[in-house]
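Residue numbers (our numbering): 155 to 302.
Ideal Cβ positions, reconstructed from N, Cα and C, are used throughout, including at glycine.
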């Protein structure tokens, strides 16, 4: 018996066909199904789950024949999908560019902040941590007992 499978894209994968026809319930089962059961694609054994199936391909699974056919408005849907894919790619480029600009601005702000704190440290004569002693007081063991 021959079953027609209508697709609205340029191709579907063998795994998608197996799932669509309820032969397997999840994509993870495709690998094991193809190991256990022979699948013929246009008369030749096929065991690649990601194999692309195009218009007019014949697939035989457990004696059942499936023929891939494009839906009536498939060209229109394919063109629309291509436009959406191009738009997503453009938006991804914009996002990457915007993220790069944000990172550059953040780095510049951090450098300005560090420069400002370095200037304050120099003015107040403190160490980088901000908790240092001023340089005009004595340091070391001799100064520990000087207050007595």
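Where residue i and residue j are concerned, what is the direct C-alpha to C-alpha distance, given to the nearest angstrom?
i	j	result
residue 242	residue 252	15 Å
residue 166	residue 195	13 Å
residue 203	residue 217	19 Å
residue 174	residue 240	27 Å
residue 352	residue 206	In the structure as shown, the chain starts at 155 and stops at 302, and residue 352 therefore has no counterpart that could be examined.
Would you mind reading off the limits of the alpha helix (DSSP H) that contains residue i?
i	result
residue 220	Per DSSP, residue 220 belongs to no alpha helix (DSSP H); it is in the beta strand (DSSP E), 218-224.
residue 174	168-174
residue 186	184-190
Determine the contact status of residue i and residue j, defining contact as a CB-CB distance below 8 Å.
i	j	result
residue 213	residue 171	yes
residue 177	residue 222	no
Please work out which residues of its chain come closer than 7 Å, Cβ to Cβ, to residue i, disregarding the five sequence neighbours upstream and downstream, and give them in chain order.
i	result
residue 235	163
Suppose the cutoff is 6 Å on Cβ atoms and the five residues either side in sequence are ignored; what does the same chain contact list for residue i look like?
i	result
residue 201	188
residue 169	181, 184 and 203
Which residues in the same chain have their Cβ closer than 8 Å to the Cβ of residue i, if we skip the five residues on either side of it in sequence?
i	result
residue 208	164, 165 and 222
* For the stretch 221-281, list the alpha helix (DSSP H) runs that are entirely contained and at least 4 residues long, ordered along the chain. => If we require 4 residues or more, the alpha helix (DSSP H) runs fully inside the stretch 221-281 come out as 228-278.
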